[in-house]
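Worksheet: one structure, shown below.
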Amino acid sequence: MQGMTGYWWQCDNCGYTQRTSPEGLSVASYILDVIFASEWDQSKLSHPCSTCGKGRLRITYDYEGTDYRLSVTHMVGLDDPSNLQMLWETKERNDPKPWFDFHYLKGRNARNLNRTPAFFREDLKRLFQEYQRICGGGPFP
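Numbering of the sequence shown is given in the working numbering, commencing with residue 3 and proceeding in unit increments.
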């Protein structure tokens, strides 16, 4: 949706958009109450589109300062919900290659998702290990 800011749910087939999850939660609340609470159950990252019936609704956002619109395909994080550091695997609609983006949530303030997180080396290593454990794939360099 042109002019939309922040984070929203968008169908990867028809482009239908909505601000809240199908359960009525904001993106920040959904991350904490559903994805984090389910121990990063990746099946919770998409929902069937009720508009076209073919696509999947995914958390979507515009990558700041670019024309890239990214949709989340995988999400993992560390174990502190008060300062939740995360790695998101995303894709751009017209590019099948995965993008990796880092985010954090401090409380339920979605604005923190737009701030660059800082990691200790050990935490970054743990984050990559969690990604491998939950999402599969080979080791990161």
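In this text, a Cβ means the ideal position worked out from N, Cα and C, and glycines have one as well. Just so it is clear, the structure is predicted and the values come from calculations on it, not from any experiment.
Status (buried if at least 16 other CB within 10 Å, exposed otherwise) for residue i
{"i": "S84", "result": "exposed"}
{"i": "P172", "result": "Given that the chain is displayed from residue 3 to residue 143, the structure contains no residue 172 and the question cannot be resolved."}
{"i": "Q87", "result": "buried"}
{"i": "Q4", "result": "Model confidence at Q4 stands at a pLDDT of 45, short of 50, so the residue's coordinates are unreliable; what they give is reported in the following sentence. With fewer than 16 Cβ atoms within 10 Å of its Cβ, Q4 is classed as exposed."}
{"i": "Q131", "result": "exposed"}
{"i": "G139", "result": "exposed"}
{"i": "E124", "result": "exposed"}
{"i": "Y133", "result": "buried"}
{"i": "P119", "result": "buried"}
N-terminal and C-terminal residue of the beta strand (DSSP E) that residue i is part of
{"i": "F122", "result": "No beta strand (DSSP E) contains F122, which DSSP labels as neither H nor E."}
{"i": "V36", "result": "First-last for V36: undefined, no H or E at that position."}
{"i": "P50", "result": "48–50"}
{"i": "D94", "result": "The sequence given here places Glu at residue 94; Asp does not occur at that position. 86–94 is the extent of the beta strand (DSSP E) around E94."}
{"i": "W101", "result": "97–107"}
{"i": "Q44", "result": "That residue, Q44, is in no beta strand (DSSP E); it is neither H nor E in DSSP."}
{"i": "C13", "result": "9–13"}
Contacting residues, own chain, Cβ-Cβ under 7 angstroms from residue i (five flanking each side not counted)
{"i": "I33", "result": "L107"}
{"i": "G57", "result": "C13, D14, N15, C16, C51"}
{"i": "S40", "result": "K46"}
{"i": "W10", "result": "T19, Q20, R21, T62"}
Spatial neighbours of residue i in its chain, beta-carbon cut-off 8 angstroms, leaving aside the 5 residues before and after
{"i": "L47", "result": "I37, R60, I61, V74, T75, H76, M77"}
{"i": "S28", "result": "R21, T22, R110, A112"}
{"i": "F121", "result": "Q87, F104, L129"}
{"i": "E66", "result": "N116"}
{"i": "D43", "result": "I37"}
Beta-carbon contacts of residue i that lie in its chain and below 6 angstroms, excluding the five residues immediately before and after
{"i": "L115", "result": "H105"}
Report task. Please specify which runs of the beta strand (DSSP E), each continuous and at least 3 residues long, are wholly inside the region 53–84, giving them in chain order. Result -> List check, beta strand (DSSP E) in window: 58–64, 71–79.
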